[in-house]
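Residue numbering for the sequence shown follows my numbering, starting at 2 and increasing by one per position. Report on the following structure.
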Amino acid sequence: MCKDIRIVPVTPLAGSPKRSSPRALFLRKRWREGVGGDLGEVPAARPCRGRRLRWRSKPMADRAKLMLVGRHKLFRECLASMLEEDGGLSVGAQVDDLERALELIPRHRPDVLLVDLGRPSRTTLERLRAVSRAEPPVKVVVLGLPEVEDDVLRCIEAGASGYVLKESSLEDLRRAIGSVTKGEATCAPQLTRSLFQRLAELARDQRTSERRAAFDLTPREVEILELIADGMSNKEIASTLCLSLYTVKNHVHHILEKLQVQHRNEAVEQAYKRRWLRERRRASRPVVDRRRYKRPPRAPS
2 MCKDIRIVPV
12 TPLAGSPKRS
22 SPRALFLRKR
32 WREGVGGDLG
42 EVPAARPCRG
52 RRLRWRSKPM
62 ADRAKLMLVG
72 RHKLFRECLA
82 SMLEEDGGLS
92 VGAQVDDLER
102 ALELIPRHRP
112 DVLLVDLGRP
122 SRTTLERLRA
132 VSRAEPPVKV
142 VVLGLPEVED
152 DVLRCIEAGA
162 SGYVLKESSL
172 EDLRRAIGSV
182 TKGEATCAPQ
192 LTRSLFQRLA
202 ELARDQRTSE
212 RRAAFDLTPR
222 EVEILELIAD
232 GMSNKEIAST
242 LCLSLYTVKN
252 HVHHILEKLQ
262 VQHRNEAVEQ
272 AYKRRWLRER
282 RRASRPVVDR
292 RRYKRPPRAP
302 S
C-alpha cells in the first residue's frame, strides 16, 4: 500500500502564507505515523467560496469622546475597554477626581463626562456645577446608587444630564451615553416614578409658600385678599372676620402697598396670575373698587 504512494514536490502557490496550513500539518503527521520520513511541502487548501463578515467600526472623528472619573483605576480601565469594544466611543483621559477633570477638559475636549459617584458631597456637587458651566460644554452622566433618591435630584440640579444605576447593564450604560450625546436627558426607569413624586411635592410646597409668604403677606392679609377675590366689600369683610372697618381698611392698604398696585381688582388679578389664590375662589360677582366707582347721574324729574 505504501509503495504506490508517490511523493511529488510541489512549489508553493504565489501569495500563499509561509506558515503551514492546518491541512499540511495534519498530512505530515499522518505520513510520519504511517511511512516515516518527511512529506515535503504540501500546498495549502484553497479557501472555499463564502462571505466574509467584517465589523465596521466608526471612524475616530465620528466617535463620541468620553472622559472617565472614578476612584478605582482597575474599574476605570475595565469600563473603558468594554465601552470601546463596539467602536462607538473613544475613551480619552481617565482621572480619579473631578478637580483633575476640570483641569483636563480644555485640553481633551470630551463630549461626555462619566462620573462614578458614591454619596455626593457638597464639594462634589459644586464641581459638577462647574463642569456643566465649563467651556466647551460637557454632558455629565453619573453612575450612582439607588438607595437615596435625594442624591439623584441633587445631581440633576447640579447639571447632570443622565443618571445610571450601578446595577444596570453595560448596554443600558451605552444607551444612556448615546442619548446624552444627542442632547437628551436620561434616567434609570426604577427612579422615574420617585422623581415624578418628588417633583410634585416640590411644586405643591412652592405653591403653598408663594401663596402664603410671597411679598411678606401675613396670614390675615392673605385671608382678606381671598375675601376680596370673593367680591366682598370692606364692610362685609369686617362683618365676616369680626373686625372693625378701620382695621380692614388698614389691611387692604398694606396689601396694595406690598403688591405695588393701586386698586383692589389689580391685586386680585396679580394674585391669580401668580397662583397665590385658588381658582375656585374666583368671585361670582365682580370686585368693586370703591375709589373708581362713580354713581350714575340722576334722571331729571
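Positions of the beta carbon are idealized from the N, C-alpha and C atoms, including for glycine.
CA nearest to the CA of residue i, picked from the options
| i | options | result |
| --- | --- | --- |
| C156 | P137, E168 and L115 | L115 |
| Q261 | L218, Q191, E100 and S195 | L218 |
| E168 | G145, C188 and V181 | G145 |
| G160 | V153, D151 and S133 | S133 |
| P121 | D112, L99, P111 and R110 | L99 |
| D112 | S180, N251 and E224 | S180 |
| Q191 | L166, L226 and L174 | L166 |
| Y273 | L257, S170 and E227 | E227 |
| K183 | V139, L200, S195 and D97 | V139 |
| E150 | L244, R194 and L257 | R194 |
| D97 | P107, E86, E85 and G119 | G119 |
| L196 | D231, E158, E86 and E224 | E158 |
| C243 | R176, P23 and I225 | I225 |
Cβ shell of residue i (< 7 Å), same chain only, five flanking positions each side left out
| i | result |
| --- | --- |
| H255 | E222 |
| V141 | L114, V116, L129, V132, S133, G160, A161 and S162 |
| Q271 | L260 and V262 |
| L26 | none |
| L69 | R77, L80, A81, V92, Q95 and L115 |
| M83 | L171 |
| L203 | none |
Own chain, CB closer than 8 Å to residue i, minus 5 neighbours either side, in chain order
| i | result |
| --- | --- |
| L246 | N235, K236 and A239 |
| L103 | R128, A131, V132 and A135 |
| T248 | A239 |
Residue environment, residue i, which counts as buried when at least 16 other CB atoms sit within 10 Å
| i | result |
| --- | --- |
| A186 | exposed |
| A268 | buried |
| D206 | exposed |
| H109 | exposed |
| C188 | buried |
| A65 | buried |
| H73 | exposed |
| G278 | Residue identity differs from the one stated: residue 278 is Leu in this sequence, not Gly. Looking at its Cβ environment, which holds 16 or more other Cβ atoms inside 10 Å, L278 is buried. |
| L67 | buried |
Residues near residue i by beta carbon distance below 6 Å, same chain, minus five either side
| i | result |
| --- | --- |
| L303 | No information on residue 303 is available, as it lies outside the stretch 2 to 302 that the chain covers here. |
| G71 | R77 and D117 |
Cβ distance (whole Å) where residue i is taken to contact residue j below 8 Å
| i | j | result |
| --- | --- | --- |
| I178 | L105 | About 19 Å separates the two Cβ atoms, so there is no contact after all. |
| R199 | L154 | 6 Å |
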